Amino acid sequence: SLPEIRKCIPARCFGKSTIRSSFYLLRHLLVAISLIGFATGIDIFGRYLRQLPMVPDVVAAPLSSSVQIVGWLFYLVWTGFWILGHECLHRTFSPNALLSDCIGLILHTFCWTPYFSHQISHNRHHSGRGHAEREELFVPPKRSTTVLKDDDENPPSLEDEHTSYFEHTPIHDLWMLFLQQTVGYPSYILLNYTGQPTLLPGTSHVNPWSKHFKHRSNAVVISDLAILIMAYLVYKSVRVFGLLAVIKYYGIPWIGLNHWLAMATYLQHTGPRLPWYRGKAWNLQRGALSTVDRPFLGWQGRFFLFNISHCHVAHHLFPQIPWYHLPEATEHLKEFLGPHYLYSDEHIFMSLWKIYNGCQFVDGEGDVVFYRNKKGETVVKYVYSESFSGGRDVQ
Numbered sequence: 040s041l042p043e044i045r046k047c048i049p050a051r052c053f054g055k056s057t058i059r060s061s062f063y064l065l066r067h068l069l070v071a072i073s074l075i076g077f078a079t080g081i082d083i084f085g086r087y088l089r090q091l092p093m094v095p096d097v098v099a100a101p102l103s104s105s106v107q108i109v110g111w112l113f114y115l116v117w118t119g120f121w122i123l124g125h126e127c128l129h130r131t132f133s134p135n136a137l138l139s140d141c142i143g144l145i146l147h148t149f150c151w152t153p154y155f156s157h158q159i160s161h162n163r164h165h166s167g168r169g170h171a172e173r174e175e176l177f178v179p180p181k182r183s184t185t186v187l188k189d190d191d192e193n194p195p196s197l198e199d200e201h202t203s204y205f206e207h208t209p210i211h212d213l214w215m216l217f218l219q220q221t222v223g224y225p226s227y228i229l230l231n232y233t234g235q236p237t238l239l240p241g242t243s244h245v246n247p248w249s250k251h252f253k254h255r256s257n258a259v260v261i262s263d264l265a266i267l268i269m270a271y272l273v274y275k276s277v278r279v280f281g282l283l284a285v286i287k288y289y290g291i292p293w294i295g296l297n298h299w300l301a302m303a304t305y306l307q308h309t310g311p312r313l314p315w316y317r318g319k320a321w322n323l324q325r326g327a328l329s330t331v332d333r334p335f336l337g338w339q340g341r342f343f344l345f346n347i348s349h350c351h352v353a354h355h356l357f358p359q360i361p362w363y364h365l366p367e368a369t370e371h372l373k374e375f376l377g378p379h380y381l382y383s384d385e386h387i388f389m390s391l392w393k394i395y396n397g398c399q400f401v402d403g404e405g406d407v408v409f410y411r412n413k414k415g416e417t418v419v420k421y422v423y424s425e426s427f428s429g430g431r432d433v434q
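Sequential numbering of the sequence shown, starting at 40, is according to our numbering.
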């Protein structure tokens, strides 16, 4: 049970400190300001070099490498701002919920995410994690949505077969993966792409009249107003600093944010070993444990991304634990959960490609289902124990 799992984690891990959280936020802001200053210095030095008749390779090569390193770090730092906002929506930034929401509203708005709308949908993601019907994000498609029908009475049409041949080509997979990694998250926010399929078409996080948010429509309006203010600030920045500068220092890092966010979230919640539950087979802890921890970008993932992928299992079990206590909580969970704790140290880009190709759909029926590949195959075999509906010995 969830209380049994909680007992293995020291009470200190649930403690929240406004001072400690503020330190991490200030550190992140200083890193961002330093990067902007360093990037500006590179621009000035580059303009000086362009005035010279010839630039020695001993100068040009380090300059080029510096640009690439700064660009890489920009992506991570901007993603870190979003993750700190994500901590705020869980109210772990501070014991003061209002302060957490104010900080989170600023951070998420900076990242073009409507804060309160996302808070609502993200809480649904946590409460329905691992449920094949109720999950909020990266909902697994059913077999019936593919050309591999559930039975022989409804064989695929010729058009379906031709579409299937094209969709099984590597170039098509690469293109669709590129779209997921660049515009997937904005599409989810605006159009519910990969979101809960039972919602009305066009359900959007910016629509306060959406069925999804009707009980907190005023909060959605506040999020929308904040986004409009952000749009105005970007417009004024373009007028003052120029379009190229805004694209370079804000637009491109924002695209990098979308990539890292989509990748981290996808790899946390998708994989051939992760079970999806229905009916009485699902409960909160089983759903939370259908999550994978990864050493995402190594030390960079810990420093810039605040353990978002290193300790995601602990986060789903107990989202009220602040990010700086998650490593300790994870160590205790590993010992307690044993083989029920899922972890992968495979290279993240290798995992991304393999999972995107190998996880196509789940069966439309069954209390426990796993992703199948394009041939309809699954890598996991499972059995039901007699106490499956209420016991702990699910295999």
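Beta carbons are placed, not taken as given, at the ideal position from N, Cα and C, and that holds for glycine. All figures in this text were calculated on a predicted structure; none of them were measured in a lab.
- For V178, no alpha helix (DSSP H) segment is defined, and its DSSP state is neither H nor E.
- When Cβ pairs closer than 8 angstroms are counted between the two stretches, the segment 373-386 is seen not to touch the segment 62-75, the count staying below three.
- The continuous alpha helix (DSSP H) containing R45 extends over residues L41 to K46.
- Taking C-alpha positions only, C47 is separated from P134 by approximately 23 angstroms.
- Just so you know, the alpha carbons of Y232 and G310 end up roughly 19 angstroms apart.
- In this chain, the alpha helix (DSSP H) harbouring H165 covers Y154 to S166.
- With 16 or more other Cβ atoms inside 10 Å of its own Cβ, N246 counts as buried.
- Taking C-beta separations shorter than 7 angstroms and ignoring five residues to either side along the sequence, the partners of L296 in its chain run Y114, W117, T118, W121 and C150, following chain order.
- For F252, the CB contacts under 7 angstroms within the same chain, skipping 5 residues up- and downstream, are S156, I159 and V259 in chain order.
- Between H161 and E174, the gap from beta carbon to beta carbon reaches 9 angstroms or more.
- For Y154 against L128, the beta-carbon gap comes to about 7 angstroms, under 8 angstroms, which counts as contact.
- Three or more Cβ pairs closer than 8 angstroms define a contact, and the segment 395-404 falls short of that threshold against the segment 330-339.
- With contacts defined by Cβ atoms closer than 9 angstroms, L344 and T330 do not form a contacting pair.
- Judged by DSSP secondary structure, G295 falls within the alpha helix (DSSP H) whose first and last residues are I291 to H308.
- Contact between T148 and M269 holds, with the beta-carbon distance rounding to 5 angstroms and staying under 8 angstroms.
- Under DSSP, D332 shares a beta bridge with Y382.
- Shown here, Y227 sits in a helix according to DSSP, grouped into three states.
- For K275, the enclosing alpha helix (DSSP H) starts and ends at S256 to F280.
- Relative to L112, the option among N412, I347 and Y288 whose CA is nearest is Y288.
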